[in-house]
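Using numbering that gives the first Met the number 0, read the sequence shown as starting at 0 and increasing by one per residue.
Just so you know, even glycine gets a beta-carbon here, dropped at the ideal spot from N, CA and C.
A quick note: this is a predicted structure, and the numbers were derived from the prediction, not measured.
Note sheet for the following structure.
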Amino acid sequence: MKTSTLLSLGALVALGSFVSANTAAAQTATQTVTFQVTAINQIAVTGTPSLVINAAVAGSAPTSVTSAGNTWSVTTNQSTASITASIPTAMPAGLTLSANLTAPAGATSTGLTALGTTAVNVVTGITKLNAAALGLTYQLDATAAAGVVGSATRVVTYTITGGV
Numbered sequence: 000m001k002t003s004t005l006l007s008l009g010a011l012v013a014l015g016s017f018v019s020a021n022t023a024a025a026q027t028a029t030q031t032v033t034f035q036v037t038a039i040n041q042i043a044v045t046g047t048p049s050l051v052i053n054a055a056v057a058g059s060a061p062t063s064v065t066s067a068g069n070t071w072s073v074t075t076n077q078s079t080a081s082i083t084a085s086i087p088t089a090m091p092a093g094l095t096l097s098a099n100l101t102a103p104a105g106a107t108s109t110g111l112t113a114l115g116t117t118a119v120n121v122v123t124g125i126t127k128l129n130a131a132a133l134g135l136t137y138q139l140d141a142t143a144a145a146g147v148v149g150s151a152t153r154v155v156t157y158t159i160t161g162g163v
């Protein structure tokens with residue numbers, strides 16, 4: 000008699016599992032996700048420019064030199080962004096340091112632009128893009144009045160500002 004009770008109890012448990020599996024209702028859950036993208040304006044430069052003026056044609060100013068092979072990259076998610084450039088201290092008398100940044104698609108480069116302590120536009124009209132390995136050229140010009148100038152450096156600061 001003990002055996003039949005155990006068998007009946009096992010059959011009842013199996014029947015209960017079958018009934019509950021067939022009558023379970025579907026269940027769902029929801030969640031609200033908040034998102035945002037903030038203004039992104041990033042610029043980077045690469046290269047190690049070095050400019051040495053060491054020649055001239057007789058009767059002419061010293062020969063200008065350029066440093067190519069430098070690059071710059073930009074990412075912005077804003078309309079009407081622009082790039083400015085400046086140096087922290089003026090160049091010695093008779094020397095001019097200029098920069099030329101190749102514009103990304105849809106933007107405009109100001110071409111070879113003399114750098115000074117006041118920021119000047121070098122690229123304008125940048126609109127929502129990311130572009131890498133764009134050309135960056137520096138040029139050093141000297142007059143004879145500059146004389147001999149020992150090795151010196153200037154840090155060029157590029158600033159990207161965005162519109163809307």
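Under 7 Å Cβ to Cβ from residue i, same chain only, skipping five residues before and after it: list those, please.
| i | result |
| --- | --- |
| residue 52 | 61, 62, 64, 139 and 141 |
| residue 50 | 64, 66, 137 and 139 |
| residue 155 | 84, 86, 98 and 114 |
DSSP three-state call for residue i: helix, strand or coil?
| i | result |
| --- | --- |
| residue 143 | helix |
| residue 58 | coil |
Thinking just about the alpha-carbon of each residue, which of the options is nearest to the one in residue i?
| i | options | result |
| --- | --- | --- |
| residue 113 | 59, 95 and 126 | 95 |
| residue 68 | 145, 47 and 154 | 47 |
| residue 101 | 93, 81 and 116 | 81 |
| residue 38 | 134, 116 and 128 | 128 |
| residue 105 | 56, 93, 43 and 124 | 124 |
| residue 153 | 58, 163, 147 and 116 | 116 |
Just the Cα atoms here: how many angstroms apart are residue i and residue j?
| i | j | result |
| --- | --- | --- |
| residue 145 | residue 45 | 29 Å |
| residue 137 | residue 29 | 57 Å |
| residue 31 | residue 40 | 29 Å |
| residue 91 | residue 35 | 48 Å |
| residue 135 | residue 93 | 23 Å |
Report yes if the CB atom of residue i is closer than 8 Å to the CB atom of residue j, and no otherwise.
| i | j | result |
| --- | --- | --- |
| residue 118 | residue 158 | yes |
| residue 126 | residue 72 | no |
| residue 133 | residue 70 | yes |
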